[in-house]
Amino acid sequence: MPDEENQTKRNGKLSPPCTWKYEGGTGQMGEDVIVIKVSGGLGNQMQQYALYRKFKEMGREAYLDLTWFSPENQKKAGARRGLELFFYPQVHFEEEPKEVLRFFSQKRGNKAERILRRWFAPLKGRLPLTARPEEDYFFTEKEMYHPEIFSFQTKELDGFFHCQKYTEDIRERLLHDFSFPPHSDAGQEKKVREQEVRMGEENSIALHIRGGDYLQDSANLALFGGIATKSYYRGALRYLKERMPEAKIYLFTNDEAYAGQMLEGETYTVVRGNAGRDALQDIRLMRACRADLCANSTFSIWGGRLNDRSDRILVRPPRMKNTQRVPASLMHEYWKGWVLVSEEGIEV
Numbered sequence: 323m324p325d326e327e328n329q330t331k332r333n334g335k336l337s338p339p340c341t342w343k344y345e346g347g348t349g350q351m352g353e354d355v356i357v358i359k360v361s362g363g364l365g366n367q368m369q370q371y372a373l374y375r376k377f378k379e380m381g382r383e384a385y386l387d388l389t390w391f392s393p394e395n396q397k398k399a400g401a402r403r404g405l406e407l408f409f410y411p412q413v414h415f416e417e418e419p420k421e422v423l424r425f426f427s428q429k430r431g432n433k434a435e436r437i438l439r440r441w442f443a444p445l446k447g448r449l450p451l452t453a454r455p456e457e458d459y460f461f462t463e464k465e466m467y468h469p470e471i472f473s474f475q476t477k478e479l480d481g482f483f484h485c486q487k488y489t490e491d492i493r494e495r496l497l498h499d500f501s502f503p504p505h506s507d508a509g510q511e512k513k514v515r516e517q518e519v520r521m522g523e524e525n526s527i528a529l530h531i532r533g534g535d536y537l538q539d540s541a542n543l544a545l546f547g548g549i550a551t552k553s554y555y556r557g558a559l560r561y562l563k564e565r566m567p568e569a570k571i572y573l574f575t576n577d578e579a580y581a582g583q584m585l586e587g588e589t590y591t592v593v594r595g596n597a598g599r600d601a602l603q604d605i606r607l608m609r610a611c612r613a614d615l616c617a618n619s620t621f622s623i624w625g626g627r628l629n630d631r632s633d634r635i636l637v638r639p640p641r642m643k644n645t646q647r648v649p650a651s652l653m654h655e656y657w658k659g660w661v662l663v664s665e666e667g668i669e670v
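Residues 323 to 670 (the numbering used here) make up the sequence shown, in order.
Right under this line is the structure:
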């Protein structure tokens, strides 16, 4: 939904205007604009929104690009998704205006201009906005953490930006924005409230196992597989049980059969009844538990990040995907307050 507070201040916050030409006319936009592309499921969308909110808190002109959710683009998507940020009533943002979308589309699509701009690459530091090389306008995430993004000017950011360090200094704002609505079903809402109270009183562990799409899709398996292993869960549970006598395990999963194999021999309660637009109720319950034992999934990691208990224990794998391998020392810097357990079940 539109960011009404920022819309009323928008004219005072816009960077100096820049006029540029496109086929059929001219356009105008701020000289320093940050656009964050939104894609993926709820957890990824939350992270992209959090980065947007960080730029706004810095006083920057920033927008969300929602074109990934268009019917045309969803036909090409491996797993079709809808925009789920709307499920949080306190989430407000400004969608990328048409003139900004047109500007970046032109920079991406004009092949002849891209070739000419490469000739001027050695001079790019001295060129005005409209004469910069095309590649200067686009950034794709590769590492766990890219501190340089906060010094970018007029850039479209593409990635999930899954790192707590990006937004740890605006945590209170995120706790406010990601406040949970009631369950759409009144009967289930009563049950969720009862679960929240019970989890808050017990030595409760929210344990998330993601199977389903992580196992059935070969690309996902190559990217995310072999991280949240059976040994990982055994080692993490051992760590938690040593610190939490009579721990009560609550299982959150999209694949109960697979989770049962992973937790063979354990006693646990499966949390059900929260699907579709109510899937965020699982995050609501995860954050109510004393401990969050997360998969390499933004969904459960947000349960931990939103956990506001003073006695909370947060456990996660030291890597999110197989293409991002980060030294443990850096992961502890990027994820302060978290316990890191390897795929072998060893604290690192």
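Cβ coordinates follow ideal geometry from the N, Cα and C atoms, glycine included.
Residues sharing a beta bridge with residue i, DSSP
i: Thr462; result: Asp480
i: Val663; result: Glu669
i: Ala528; result: Tyr572 and Asp614
i: Asp577; result: According to DSSP, which records beta bridges pairwise, Asp577 is partnered with nothing at all.
i: Lys359; result: Asp387
i: Leu636; result: Asp614 and Trp660
Local Cβ density within 10 Å of residue i, reported as buried at 16 or more and exposed below that
i: Glu345; result: In this prediction, Glu345 scores a pLDDT of 45, lower than 50, which makes its location untrustworthy; the coordinate-derived value is nonetheless stated afterwards. Exposed.
i: Met584; result: buried
i: Asp491; result: exposed
i: Lys343; result: Only weak support is given to the placement of Lys343: the predicted model assigns it a pLDDT of 44, under 50, and the value that follows is read from those uncertain coordinates. Exposed.
i: Met690; result: As shown, the chain starts at 323 and ends at 670. That puts residue 690 outside it, with no answer to give.
i: His505; result: buried
i: Val519; result: exposed
i: Val592; result: exposed
i: Arg375; result: buried
i: Arg594; result: exposed
i: Ile668; result: exposed
i: Asp387; result: buried
i: Ala650; result: exposed
i: Gln412; result: exposed
i: Arg430; result: exposed
i: Glu578; result: exposed
i: Asp614; result: buried
Supposed close pair residue i, residue j - CB separation, criterion 8 angstroms
i: Leu562; j: Val637; result: 7 angstroms
i: Tyr488; j: Leu373; result: 6 angstroms
i: Val360; j: Thr476; result: Going by Cβ atoms, the distance from Val360 to Thr476 rounds to 19 angstroms, so no, they are not a contact pair.
i: Glu665; j: Tyr580; result: In fact, because the Cβ distance is near 16 angstroms, the residues do not count as touching under 8 angstroms.
i: Asn576; j: Gly534; result: 4 angstroms
Residue i in three-state terms, based on DSSP
i: Ile623; result: helix
i: Thr591; result: strand
i: Pro324; result: A caution first: Pro324 carries a pLDDT of 48, below 50, which makes its placement in the model unreliable, though a value can still be read off. Strand at Pro324.
i: Lys335; result: Below a pLDDT of 50, predicted positions are generally treated as unreliable, and Lys335, at 44, falls in that range; no measurement from the model is reported.
i: Phe415; result: strand
i: Met368; result: helix
i: Arg606; result: helix
i: Gly381; result: coil
i: Leu497; result: helix
i: Met351; result: strand
i: Arg402; result: coil
i: Tyr467; result: coil
i: Asn395; result: helix
i: Ile549; result: coil
i: Glu715; result: The structure shown does not extend to residue 715, since the chain is modelled only from 323 through 670, so no value can be given for it.
i: Ser427; result: helix
i: Leu537; result: helix
i: Leu628; result: coil
(request) Determine, using beta-carbon pairs with one atom in the region 525 to 533 and one in the region 559 to 577, whether at least three such pairs fall under 8 angstroms. (result) yes
(request) Decide if the region 604 to 619 is in contact with the region 627 to 646; the criterion is three or more beta carbon pairs, one per stretch, under 8 angstroms apart. (result) yes
(message) Within 8 angstroms, do at least three Cβ pairs link the region 540 to 558 to the region 510 to 518?
(response) no
(request) Could you say if the region 624 to 634 and the region 593 to 609 meet the contact criterion of at least three C-beta pairs nearer than 8 angstroms? (result) yes
(message) Pairs of beta-carbons, one from the region 495 to 504 and one from the region 477 to 487, closer than 8 angstroms: are there three or more?
(response) By the Cβ rule, the region 495 to 504 does not count as touching the region 477 to 487, because fewer than three pairs are nearer than 8 angstroms.
(request) May I ask you to verify whether the region 644 to 656 touches the region 463 to 470, counting CB pairs closer than 8 angstroms and requiring at least 3? (result) yes
(request) Specify whether the region 651 to 658 and the region 395 to 402 touch according to this definition: at least 3 beta carbon pairs, one from each stretch, less than 8 angstroms apart. (result) no
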